[in-house]
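Structure, as structure tokens:
Number of protein chains: 2
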Amino acid sequence: MGTQTALGANLRDRASTMFGAIPGETPEIEGNTLTKAKVELGKMLFFEPRLSSSHLISCNTCHNVGTGGHDYLPTSIGHGWQKGPRNAPTVFNAVFNAAQFWDGRAPDLAEQAKGPVQAGVEMSSTPDRVVATLKSMPEYVERFEKAFPDAADPVTFDNMALAIEAFEATLITPHARFDQFIAGDETALDEQEKQGLALFMDKGCAGCHTGVNFGGQSYFPFGLVTRPGGEILPEGDKGRFAVTQTASDEYVFRAAPLRNIELTAPYFHSGAVWSLEEAVSVMGSAQLGTELTDTEVEAIVAFLRTLTGDIPSVDYPHLPVSTAETPKPSDIIRN
Amino acid sequence: MGTQTALGANLRDRASTMFGAIPGETPEIEGNTLTKAKVELGKMLFFEPRLSSSHLISCNTCHNVGTGGHDYLPTSIGHGWQKGPRNAPTVFNAVFNAAQFWDGRAPDLAEQAKGPVQAGVEMSSTPDRVVATLKSMPEYVERFEKAFPDAADPVTFDNMALAIEAFEATLITPHARFDQFIAGDETALDEQEKQGLALFMDKGCAGCHTGVNFGGQSYFPFGLVTRPGGEILPEGDKGRFAVTQTASDEYVFRAAPLRNIELTAPYFHSGAVWSLEEAVSVMGSAQLGTELTDTEVEAIVAFLRTLTGDIPSVDYPHLPVSTAETPKPSDIIRN
């Protein structure tokens, strides 16, 4: 017991320094003051299917707050039943990521929110259509005025994105057992979970999956040591290379944030792996050049399951009624 | 004023007898005792995308509680982006309809719930797949046991439907201004709205759109006097004829319930008409053989807008995590 307690305390200090806990309160966002009016508007927009040209798809379709902030799909289904190229990351705790998307092409959630709305394979709308849609409903106009009181023209595509970011900042999952452990509750993790945490740090996982989100902070080549097969790492998707056009960024992706990871199968940007055990094992060989034993994999997975926090409560918003001016749903498939 | 008050009181008595108010409390359902455990389970199932084979579509996709209990589409988009043949009716107050679907082919909401889950163009699942999905998640098994404590095998397709019906029974919209009016608040309707109500009864609208839901009680030929064009009444959809195989049921449909009608454009089983004014006008000529004047149409529409009640509050449910046994999403298009 003495040794274990000592290991526990030592573990706790190391883990506390390396990761940290999800805060209990919504964090502040630089350049986007969170007001009640803005968060509430953002929630409405997050659930607003009329932001898509089909009127079928909202942010919540793929980043479902009822299922871990994502869908249970390898890659999401979008406009015209087209498939996106990459697995939808969870919206939970996304505010703590250094940048958004698997290739980090958006610096923050507001910039991210503009992507899917316009992507032909996702919501397939345009900024003009979005603004026309929102301006067609008096309640939205009023709510934008309250959320952006200093704006001369409050109903804009950029402000839509800021409001969605404000709501998404509230979607955090504090009080995971891991967080209770580093707050001092030695009993929050059992022995296997503590061993998993120690392995996670000692084997090198934490080299990439670091910070409060256990990832989401920087970019690394997938297949650092051994490149996995094309079913896991499709050849056509060169990751961050598409953003930087730098040869060394080929097959480079953002280290996936691991908070609530047990809720967000399937795994990897390809969404090719459904089992968390298999994902950990693939990471061992591809990134660390080590064959983790079954016992090690089990311990790491047991630890990862302690990263599940309190799921946020969301009241379903009541959205304004369409008017004669609201653009009609459209099925047209672009690009 | 004297005359108006007398008209008001007379109107109120007539309207009260003919329609009645939506109750403030969830109604009882014969053969399906509503318990807290069953309603909560039903809510989870209503929002459960894994009831569809694609993992994309839940009941809420087309019967969206944030947008009047329906989608804003002429006909819904389903599995593989296929379109259903008819406009999705609102789930709000559906418990008060005598039967479900535009052709009344389901006697109650439980029977109705089984339809879309299995329809190839909607959720495209099967009872076996649904039961396998639900049994793969221990939390669902537990919740079915609590919701159906007397069942030897609680996780069944029929019990899924009963739980969904239990939740849907809570989706009622009391306290519409019309309901306040018949409860005695003379000021709840203005003069134009009262005139609209009088016209609604005197012109014959209430002959079909009767009862607490202003419709949903029985079946009538669309085009009783003059058959509208094929854009509004498509020739290929013979309505209740498909259920009864009786010649007199050709182009016979359930009289649409008109509660919250301002929230549920586009209108008719074809979803072909976006304007409530146009819908009222079409009904005048097609069903009543009368050309309503613009003033009459405006008054009737003003009255219809008083049928919007309090929208129910729904907390988004937290759905259980998929397990290794949960059937994987499937894109296969059947039929």
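Protein chains in written order, with the UniProt record's numbering: chain S, 1 to 335; chain U, 1 to 335.
We treat Cβ as the ideally placed atom computed from N, Cα and C, and that holds for glycine.
Here the structure is a predicted model, which is why all the values come from computation and not from measurement.
By the 16-neighbour rule on beta-carbons within 10 angstroms, Gly78 of chain U is buried.
A contact between stretches requires three or more CB pairs, one per stretch, nearer than 8 Å, and the region 242-249 of chain U meets this requirement with the region 99-106 of chain U.
Taking every protein chain shown into account, the CB of Val225 of chain U has fewer than 16 other CB atoms within 10 angstroms, so this residue is exposed. Sixteen is the threshold: when 16 or more other Cβ atoms of the shown chains lie within 10 Å of the Cβ of Ala113 of chain S, as they do, the residue is buried. Cβ contact annotation for Gly84 of chain U (same chain, cutoff 7 Å, sequence separation greater than five): Thr75, Ser76, Gly78, Val121 and Glu122, in chain order. Using a Cβ-Cβ cut-off of 9 Å, Gly84 of chain S does not count as an interface residue toward chain U, since no Cβ of chain U sits closer than that to its own. Taking a C-beta distance under 9 Å as the contact criterion, Ala183 of chain U and Arg259 of chain U do not qualify as a contact pair. According to the DSSP assignment, Phe303 of chain U belongs to the alpha helix (DSSP H) that extends over Asp294 to Leu304.
Remark: C-beta atoms of Lys203 of chain U and Gly284 of chain U approach each other more closely than 9 Å.
If you check the CB distance, Gln217 of chain U and Asn97 of chain U come in under 9 Å. Residue pairing by DSSP places Pro221 of chain S opposite S:Val252 in a beta bridge. Of the residues assessed, Ser313 of chain U falls on the exposed side of the cut-off, its CB having fewer than 16 other CB atoms within 10 angstroms. For the pair Met44 of chain S and Thr323 of chain S, the CB atoms are not nearer than the 9 Å cut-off. Beta-bridge partners of Lys83 of chain S (DSSP): S:Ile77.
Taking a C-beta distance under 9 Å as the contact criterion, Phe46 of chain U and Ile164 of chain U qualify as a contact pair. DSSP, read as helix, strand or coil, puts Val282 of chain U in helix. Closest option to Phe222 of chain U, judged by alpha-carbon separation, among U:Asp190, U:Gln195 and U:Ala256: U:Ala256.
For Asp315 of chain S, the secondary structure class from DSSP, reduced to helix, strand or coil, is strand.
Its chain contains Ala37 as the residues whose beta carbon lies nearer than 7 Å to that of Lys146 of chain U, once the 5 sequence neighbours on both sides are disregarded; these appear in chain order. With respect to chain S, the C-beta atom of Thr210 of chain U has no partner C-beta closer than 9 Å. Minimum Cα-Cα distance from Val95 of chain U among the listed residues U:Gly68, U:Thr326, U:Asp108 and U:Arg334 corresponds to U:Asp108. The DSSP-derived three-state label of Tyr72 of chain U is coil. DSSP, reduced to helix, strand and coil, places Gln100 of chain U within a strand of the structure shown. Of all residues in the region 305-320 of chain S, only Ile311, Ser313, Val314, Asp315, Tyr316, Pro317, His318 and Leu319 come within less than 8 Å of chain U when Cβ atoms are compared, listed by chain position.
Non-local C-beta neighbours of Ile232 of chain S in its own chain, meaning closer than 7 Å and more than five positions away in sequence, comprise Phe268, Ser270, Ala272, Val273 and Val282, ordered along the chain. Chain-order list of chain S residues neighbouring Ser54 of chain U: Ile77, by C-beta distance under 7 Å. Contact annotation: in the region 57-69 of chain U, residues whose CB is within less than 8 Å of a CB in chain S are Thr61, Asn64, Val65, Gly66, Thr67 and Gly68. About 42 Å separates the Cβ atoms of Ala119 of chain S and Gln192 of chain S, ruling out a contact at the 8 Å cut-off.
In this structure, the straight-line span from the alpha carbon of Ala110 of chain U to that of Thr326 of chain U is close to 24 Å.
Ser124 of chain U sits close to Ile333 of chain U, with the two beta carbons spaced by under 9 Å.
Only those residues of the UniProt domain "Cytochrome c" (191-308) of chain S whose C-beta falls short of 8 Å from the nearest C-beta of chain U are listed: Glu262, Leu263, Ala265, Trp274 and Ser275. Under a criterion of Cβ atoms nearer than 7 Å, the residues of chain U adjacent to Ser322 of chain S are, in order, Tyr72 and Ala265. Of the candidates U:Cys62, U:Cys205 and U:Thr290, the residue whose Cα lies closest to the Cα of Trp81 of chain U is U:Cys62. Our two residues, Glu186 of chain U and Pro317 of chain U, have alpha carbons roughly 40 Å apart in a direct line. Scanning U:Ile22, U:Arg50 and U:Asn10 for the CA closest to the CA of Met160 of chain U turns up U:Arg50. Gly115 of chain U sits in a helix when the DSSP states are folded into three classes.
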